[in-house]
Amino acid sequence: MDRQTRWVLVTGASTGIGRATAEYLAANGFDVYAGARKPEDLAALGSLHRVVPLRLDVQRDSDVQAALEEVSKAGTGLFGIVNNAGIVKAGPLMDVPVEDMIEQFDVNVIGIHRVTRAFLPLVVAAKGRVVMMSSDSGFFATPIFGPYCASKFAVEGYADSLRREMNVLGVKVAIIEPGRIATPIWNKGEALLAREISSPLAPLAKKVGRHAIDGGNKKGIPPVEVAKAVHHALASDRPKERYIVADNKMEYKLLRVLPTRTVDSLVAKEMRKIEKE
Ligand SMILES: NC(=O)c1ccc[n+]([C@@H]2O[C@H](COP(=O)([O-])OP(=O)(O)OC[C@H]3O[C@@H](n4cnc5c(N)ncnc54)[C@H](OP(=O)(O)O)[C@@H]3O)[C@@H](O)[C@H]2O)c1
């Protein structure tokens, strides 16, 4: 394999943002190790130019070790890690089973640590980059999406610590914060919505869930827009610390600086609106 090219690992590359990112990077100067779990997804990724599929379930230490061995054996080094794999668990926090919370964090947070810890020595050797797929839910915690928001807030903290450590070693760390992106993630929420829950918040939760799924499907922006931000984070001499990928960037910037009480009132107003839908 060509040692002069820059190799990047993208986790969760089977669909959505991960798939779009693998394709975009491969078409724009990078060689890509694309992580996926299912044989059919690995086969599909393997048919893409400049993409090498890697079996990689981020919840499995054995997968991470095997992937690391494969990359090490190939002798390509690794310039970048794109920690993209993620799932959504949701519901009123008083209804959320502990197992859901554990799975949410095991994929979205511990999964990032498993992959980053294993591959970081290669990235340090390349003075490369780490990119974290956070979310608007990583700085704005919405009701009914508590498990997901908590996991993405954790991703932001992890990434900030890592960036400040890696600064010393010449590795840059960027956080991507997409808003609503049109990917299969939304329809995966139907299963959660169909669940019976018992708290007094159940009727509101159903409406908020329906509103989110429909909005994501109808108003989500194409995943390639996120891929472009990832490319900038990997290719630019001066990558940003944070990339918001959304139509309503100003609104998000405001949410970050407004007093908590004001944000609470805005959220309460929105909940009342959704309740009447
Ligand atoms: N779509 C949005 O609006 C949006 C907004 C902000 C942030 N994000 C974030 O963007 C990332 C990608 O989401 P997406 O919208 O593209 O959703 P998606 O199409 O559902 O893709 C999720 C990806 O993660 C993979 N994955 C799930 N569990 C995994 C595990 N244990 N090990 C390895 N891979 C695993 C999935 O693989 P399988 O196919 O094998 O399940 C799939 O490749 C996530 O971190 C998500 O939180 C999405």
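When the count follows the working numbering, it moves up by one through the sequence shown with no breaks and lands on 281 for the last residue. Just so you know, even glycine gets a beta-carbon here, dropped at the ideal spot from N, CA and C.
Where residue i sits in the DSSP three-state scheme
i	result
D35	strand
I248	strand
N112	helix
A24	helix
R54	coil
A130	coil
V12	strand
M5	Confidence is the limiting factor: at M5 the pLDDT is only 41, short of 50, which leaves the residue's position unreliable and the question unanswerable from this model.
R276	helix
R260	helix
A282	Because the chain is modelled from 5 through 281, residue 282 falls outside the range shown and cannot be assessed.
V62	coil
Sub-8 Å separation of residue i and residue j beta-carbons
i	j	result
W11	L82	yes
I180	G95	no
V111	V234	no
G39	A17	yes
F123	L13	yes
V285	Y152	Here the chain covers residues 5 to 281 and nothing more, so residue 285 does not appear.
P243	R167	no
V290	R54	There is simply no residue 290 to check, as the chain begins at 5 and stops at 281 in what is shown.
Quick one: complete beta strand (DSSP E) runs, 3+ long, within the region 141 to 222?
176 to 182
Uninterrupted beta strand (DSSP E) stretches inside the region 66 to 113 (no shorter than 3 residues):
84 to 87
At least three beta-carbon pairs within less than 8 Å, the region 237 to 252 to the region 197 to 216:
no
If we count Cβ pairs, one from each stretch, closer than 8 Å, do we get three or more for the region 54 to 68 versus the region 260 to 276?
no
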